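In my numbering, the protein residues as written are 60 to 197.
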């Protein structure tokens, strides 16, 4: 049950663009983490002018006003899985939402399995993951 927070400047995306961003993130998570298709919780946080600051050039690359920071919260995964997820996220954001890789930054917050709850979710007591995900546990 990953929770995704997307932080961006207010007014730089349309509803359709935000839906495409959500679709891209979800596709990457289904592909890389084997998240079930119906397990999507994405929250967009838009900041008015003067409430979000970043440099125009970060790590030697130009960043636009469409820069977004994405926080992904989910159970603990291996470094290899997280690296694969980052690459998949960038690929899907470029292909589905037309977001350039220079305008996205990611942060993962890992949470112990016992700290998640949602009605209808069935957890495998041996793995701590949703029973539909048991086959992909690291």
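Ideal placement from N, C-alpha and C gives every residue a C-beta, glycine not left out. Computed from a predicted model, the values in this text were never measured in an experiment.
Decide if residue i is buried, meaning its Cβ has at least 16 other Cβ atoms within 10 Å, or exposed.
i	result
residue 197	Only weak support is given to the placement of residue 197: the predicted model assigns it a pLDDT of 48, under 50, and the value that follows is read from those uncertain coordinates. Exposed, because fewer than 16 other Cβ atoms sit within 10 Å of the Cβ of residue 197.
residue 120	exposed
residue 61	buried
residue 147	buried
residue 137	exposed
residue 171	exposed
residue 72	buried
Could you tell me the distance, in whole angstroms, from the CA atom of residue i to the CA atom of residue j?
i	j	result
residue 149	residue 160	6 Å
residue 134	residue 156	26 Å
residue 140	residue 92	8 Å
residue 114	residue 89	32 Å
residue 99	residue 85	7 Å
residue 118	residue 78	29 Å
residue 110	residue 101	21 Å
residue 94	residue 75	23 Å
residue 97	residue 158	24 Å
residue 108	residue 67	11 Å
residue 27	residue 63	It is not possible to answer for residue 27, since the shown part of the chain is limited to 60 through 197.
residue 154	residue 112	27 Å
What residues are listed by DSSP as bridge partners for residue i?
i	result
residue 105	67
residue 127	67 and 163
residue 116	121
residue 133	169
residue 62	132
For residue i versus residue j, is the C-beta spacing smaller than 8 Å?
i	j	result
residue 199	residue 127	No answer is possible for residue 199: it lies beyond the span of the chain, which begins at 60 and ends at 197.
residue 168	residue 132	yes
residue 124	residue 69	no
Residue i and residue j look like a contact to me (Cβ under 8 Å); what is the Cβ gap, rounded to whole Å?
i	j	result
residue 103	residue 129	Not quite, the Cβ-Cβ distance comes to about 10 Å (not below 8 Å), so this is no contact.
residue 65	residue 152	With a Cβ gap of about 11 Å, residue 65 and residue 152 do not count as contacting.
Could you tell me whether any Cβ in chain D is nearer than 8 Å to the Cβ of residue i?
i	result
residue 153	Absence of chain D from the displayed structure is noted, only one protein chain being present.
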